[in-house]
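Residue 364 in our numbering sits at position 145 of the sequence shown, with consecutive numbering throughout. All C-beta atoms, glycine included, are put in the ideal place defined by N, C-alpha and C.
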Amino acid sequence: MRLDQLLQYTTAVVLLGWSALALALGDAVPVTLLTQVEGSIEHSRDGETWRQVRRNKLLFAGHFIRSGADGGGQFINQQNGQVRRLLANSEIKITAAGAEAVVGELPSIDGVDTRLLDSLQKRFAKAQRYTTVRRAVIHRDRIDLQVPREITLSHAYPELVWESVGSDYRYRLTIGEQQFDIPATSEALVRYRIEGIKPGNYGYKVELLQGDEVIFSPEREGSVRWMGDSEWQQVAAELDRIDQQLGGDSFFKASLLEEQGLFVAAMDNYSRYFADNPDGNDLRPMYIQLLHALKLKQLRMVEAEIYNRQLAQ
């Protein structure tokens, strides 16, 4: 997918089959994006309990939106790309087909640029499989040090992250012909900022050391791609457009960065989004799926527990 397609969450149109998928998955797939939020707008999952909306919001079938005397915004239908204006003093119900007016009207808006986006619904469907909480049996005599098989880094986002094995161990990161010694930490995660790597593709591995002895080395290397400046400038331009058109929405930034393989940067943006949007649980499977890709099992389990607990409320 070209980078210029990714920002079209703002005017997202998905390929045929979205409606069938939405019906099959229930509230697993968002059907409408509320954007250009102004004034007093509230959101409800059941039509009874309402919360203020202050920023862009992906909406699912069964949700409700209502606006006050100074409220306004736009709905972008994920099925057909139709854009409708949310007027003041309106109440809107979200169905599998999109936004429907219960009180007031939803006039269409012409002249809005829309493009195809064929990955969002697939990613939401796939993400559901990682929300089940399965507590693995812990083998104290088995070293469990895992890193992503493939990951992308750049000069703007040069960090790798993995789960700490314990404060008695240090690490050796090898990228191509370069090695980096990383001290032990008592933190749950090891984060390491890499410098001095030229653009290109490299094999990489993380080894575990106790004292000067290597006590764990992976059987095979992973692959790290260091993004060149010209490619990064394209990503940076899309991030700037999210800042300009979506108010710097962290969820859309995370999704863009994840598409580009910049998983650690995506993780930070997902984390920021859910810290700022505690009621955004419907979107949490996307974050959980990314944590699975990063091999952060403990953090994935924590987020899966949050997701399932809120789902049961």
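| query | result |
| --- | --- |
| Taking all protein chains shown into account, do 16 or more other C-beta atoms lie within 10 angstroms of the C-beta of V256, making it buried, or fewer, making it exposed? | buried |
| Using the three-state DSSP reduction, which class does A315 fall into: helix, strand or coil? | coil |
| Excluding five sequence neighbours on each side, which residues of the same chain lie with their C-beta closer than 8 angstroms to the C-beta of H358? | Reliability fails at H358, whose pLDDT of 48 lies under 50, so the model's placement of it is uncertain and the value that follows must be treated cautiously. Closer than 8 angstroms at the Cβ level, and outside the excluded window around H358, lies no residue. |
| With a Cβ-Cβ cutoff of 7 angstroms, do K276 and L253 count as a contact? | yes |
| Within its chain, find whatever has a CB closer than 6 angstroms to the CB of Q365; leave out the 5 residues flanking it on each side and keep chain order. | K514 |
| Sorted by chain position, which residues of the same chain lie with C-beta nearer than 8 angstroms to I507's C-beta, five sequence neighbours on each side aside? | A346, Y349, T350, R519, E522, A523, Y526 |
| Measure the alpha-carbon distance for L458 versus G395 and round it to whole angstroms. | 30 angstroms |
| Going by CA-CA distance only, name the one from V250, G422, R274, R304 that's closest to D498. | R274 |
| Taking the alpha-carbon of A375 as reference, which of D501, A473, A455 has the nearest alpha-carbon? | A455 |
| If we require 3 or more residues per run, which beta strand (DSSP E) segments fall completely within the region 363-409? | 369-372, 378-382, 389-394, 397-401 |
| In whole angstroms, give me the CA-to-CA distance for S449 and L510. | 28 angstroms |
| Restricting to Cα atoms, I'd like to know which of R391, P418, G466, Q452 is closest to F435. | R391 |
| For S442, does the three-state DSSP call read helix, strand or coil? | strand |
| Which ranges does the alpha helix (DSSP H) cover as unbroken runs of at least 4 residues, wholly within the region 412-470, from first to last along the chain? | 448-465 |
| Relative to the C-alpha of T251, which residue among I311, P367, G258, M505 is closest? | I311 |
| Suppose the cutoff is 7 angstroms on Cβ atoms and the five residues either side in sequence are ignored; what does the same chain contact list for F279 look like? | D246, P249, V250, I313, D501 |
| Which runs of the alpha helix (DSSP H) at least 4 residues long sit entirely within the region 237-301? Give them in chain order. | 237-244 |
| Please state whether the Cβ-Cβ distance between K424 and T404 is less than 7 angstroms. | no |
| Going along the chain, which residues of its own chain have a beta-carbon closer than 7 angstroms to the beta-carbon of G419, five neighbours each way excluded? | W445 |
| Output the distance between the C-alpha atoms of A484 and E261, rounded to the nearest integer angstrom. | 30 angstroms |
| Going by Cα to Cα distance, which pick from F482, D468, A316, Q398 is closest to Y421? | Q398 |
| Using the Cα positions of D468 and L475, report the straight-line distance between them to the nearest angstrom. | 11 angstroms |
| Taking a contact to mean a Cβ-Cβ separation below 7 angstroms, would you say G287 touches S259 in this structure? | yes |
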